[in-house]
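Chemist: Mind having a look at this structure? Questions to follow.
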Amino acid sequence: MRSLLLATVSFISVVVLTACGENFSVANVSLGGSGSGTQKPLPGGGNPPVTGDKGKDDEEEDQYDYFVTFPDAVNDECTGIQRSIYFIDAGTKHPQIVGAQQNSPSQTVQINIKNTTPNYIFEKIPQCHQVEFWAMSGKLHFLPDQYLRCSAEQYTVQVLQPYEVKTYEFDFKIPQGDDILLLRYPTQYSSNLPDAQTHWSNCPTLDIHLPVTQQLIPKSGEKLPPSKPDLSELPSGGKPQQ
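Here you go:
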């Protein structure tokens with residue numbers, strides 16, 4: 089069974105999707121009983137043994153940084169629709185430099201959809217999860233928590249006017265651990281006014297992969313340079329490993 093993490097998505101410009109992960113924590117619980125608090129002597133005399141606290145160094149847990157390595161933009165065209173997906177700086181909106189590494193806990197991906205035809209094109213999008221967000225290890229499937237919750241798969245249809253360009257942004261938090269993240273924009277298209285008999289195109293999903301590298305922070309405070317994953321070995325698409 090996949091564990092679920094939640095992401096928050098909203099639209100800006102034409103549509104902007106904003107997602108944030110959710111942290112789960114468990115409060116410390118202390119169990120104790122009533123009594124005087126005095127210790128009983130051991131049989132035969134003597135005092136109970138005293139157990140001291142562990143040294144501070146023994147109690148310290150390992151700390152990690154998590155670096156992403158930005159991949160090339162992904163571009164394709166299907167039924168007259170040009171599509172692209174790439175990572176941007178959330179502040180400047182400029183594309184991230186391919187191969188550059190960053191340890192920011194949140195990232196932004198931009199999706200551009202352009203109708204290159206003189207006709208109206210209809211885009212069919214899953215209503216409950218316009219953007220899919222996977223960890224390719226198969227252990228995590230991130231779902232947005234601000235979409236409508238559907239008892240069954242439902243879709244929404246939006247119109248692309250002739251030569252119109254729509255831009256979307258999706259913000260998300262980086263999971264902690266070595267992995268390759270998959271962001272997927274699953275849509276279908278038709279040039280006919282939708283009805284029950286409409287035939288929708290079987291365009292491939294628009295996918296982009298983002299490697300995440302875990303790096304141990306030495307207790308001395310000195311950081312080692314992050315290792316760079318081989319971007320040539322990134323998956324080309326398809327379903328995440330189950």
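With the numbering used here applied, the sequence shown covers 89 to 330. We treat Cβ as the ideally placed atom computed from N, Cα and C, and that holds for glycine.
1) What distance in whole Å lies between the Cβ atoms of I213 and T286, which are believed to be in contact at a cut-off of 8 angstroms?
2) Kindly list the residues whose CB is nearer than 6 angstroms to the CB of A178, restricted to its own chain and excluding five residues on each side of it in sequence; keep chain order.
3) Provide the residue(s) that pair with C166 in DSSP beta bridges, ordered along the chain.
4) Would you mind reading off the limits of the beta strand (DSSP E) that contains W222?
5) T293: which of K181, E149, I173 and Y152 sits nearest, CA to CA?
6) I need the straight-line Cα distance from E165 to L304, nearest angstrom please.
7) Between the C-alpha atoms of D295 and D150, what's the straight-line distance to the nearest angstrom?
8) Around the C-beta of L281, are 16 or more other C-beta atoms found within 10 angstroms, so that it is buried, or is it exposed?
9) Measure the alpha-carbon distance for D160 versus H182 and round it to whole angstroms.
10) With 16 other CB atoms within 10 Å as the buried threshold, where does V186 fall?
11) Alpha carbon to alpha carbon, how far is I201 from F258?
12) What are the partner residues of H287, as DSSP defines its beta bridges?
Modeler: Per the coordinate set shown:
1) Going by Cβ atoms, the distance from T286 to I213 rounds to 14 angstroms, so no, they are not a contact pair.
2) Exclusion of the five residues before and after A178 leaves T196 as the residues of its chain whose Cβ lies within less than 6 angstroms of its Cβ.
3) I169
4) Its beta strand (DSSP E) spans residues E220 to A223.
5) I173
6) 41 angstroms
7) 34 angstroms
8) exposed
9) D160 and H182: Cα-Cα distance of roughly 14 angstroms.
10) exposed
11) 14 angstroms
12) Partner(s): none; H287 has no beta bridge.
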